[in-house]
Amino acid sequence: SQKIEQNSEALNIQEGKTATLTCNYTNYSPAYLQWYRQDPGRGPVFLLLIRENEKEKRKERLKVTFDTTLKQSLFHITASQPADSATYLCALDRMDSSYKLIFGSGTRLLVRP
Amino acid sequence: DTAVSQTPKYLVTQMGNDKSIKCEQNLGHDTMYWYKQDSKKFLKIMFSYNNKELIINETVPNRFSPKSPDKAHLNLHINSLELGDSAVYFCASSGGWDSYEQYFGPGTRLTVT
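So this is what it looks like as structure tokens:
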């Protein structure tokens, strides 16, 4: 069955540094992969989508890479700020439907001022 | 204006009761979803409707019944509530064909005592 793994330990970094979060998946080749941000007590917020034929995508301070050989996506936040502190979820489409997403359990990012 | 709204935000009820959660989206999207997020923060899809038709029905107890009166609304009715139903329930919507990012509501925290 499809499986997504995100580092369950919180990532603690200093303001201004680049945060790098990892998403690994097995048993499937997704057509696309998405990243969401979730703050406590709130719903996930869509950040970026990257398709299988794209290696990298950027949006302001965010960058996502997609390595279909390694079955891995990296999510980078450059010049991190305390306001970036949140849980970041990786999601990929399921093999039985492009509309179904499988979510990872998320990685909590803490940016120290 | 809230894109995806849910009511109520909190729901505390006793075992055996029946309750409903309402969801509305004003994004003009064709597809709506219900997710359950458990205490370990895993988001799992329960149901999906496309233009008022059920397209995804995961392995969910039949005590859970979704209803879509129109494509802007997707409600979730739960019969005979059990302790294990306690979780946060999220409604989401997406634009449909070739538009896979999902927009989530604020969530409904259901506590069954």
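Residue numbers (this note's numbering), protein chains in the order written: chain G, 494 to 606; chain Y, 1316 to 1428. Where is the CB? At the ideal position from N, CA and C, for every residue including glycine.
key: Cβ-based neighbour list, Phe-1379 of chain Y, same chain, cut-off 7 Å, excluding 5 preceding and 5 following   = Met-1361, Leu-1391 and Ile-1393
ask   = Relative to the C-alpha of Leu-1342 of chain Y, which residue among Y:Gly-1399, Y:Tyr-1418 and Y:Cys-1406 is closest?
value = Y:Tyr-1418
ask   = Where Val-557 of chain G and Lys-548 of chain G are concerned, what is the direct C-alpha to C-alpha distance, given to the nearest angstrom?
value = 8 Å
ask   = If you draw a straight line from the C-alpha of His-1388 of chain Y to the C-alpha of Glu-1339 of chain Y, how long is it?
value = Looking at the two C-alpha atoms, the distance is approximately 5 Å.
ask   = Residues of chain G with CB under 9 Å from Pro-1448 of chain Y, in chain order?
value = The requested residue 1448 of chain Y does not occur in the structure, where chain Y is confined to residues 1316 to 1428.
ask   = Between G:Ala-512, G:Asn-517, G:Arg-535 and G:Ala-524, which lies nearest to Arg-605 of chain G when the distance is taken from Cα to Cα?
value = Of the candidates G:Ala-512, G:Asn-517, G:Arg-535 and G:Ala-524, the one whose C-alpha sits nearest the C-alpha of Arg-605 of chain G is G:Ala-512.
ask   = At least one CB of chain G closer than 8 Å to the CB of Phe-1405 of chain Y: is that the case?
value = Taking Cβ atoms only, chain G reaches closer than 8 Å to Phe-1405 of chain Y, which makes this a yes.
key: Unbroken beta strand (DSSP E) run spanning Asp-560 of chain G, endpoints   = 555–560
ask   = Given Ile-506 of chain G, which residues of its chain have a CB within under 8 Å of its CB, disregarding the five upstream and five downstream residues?
value = Ala-512, Ser-573, Leu-602, Leu-603, Val-604 and Arg-605
task = Flag this pair as yes or no: are the beta carbons of Ile-1420 of chain Y and Gln-1329 of chain Y separated by less than 8 Å?
result = According to the sequence displayed, residue 1420 of chain Y carries Gly and not Ile. No, the pair does not count as a contact, with Cβ atoms beyond the cut-off.
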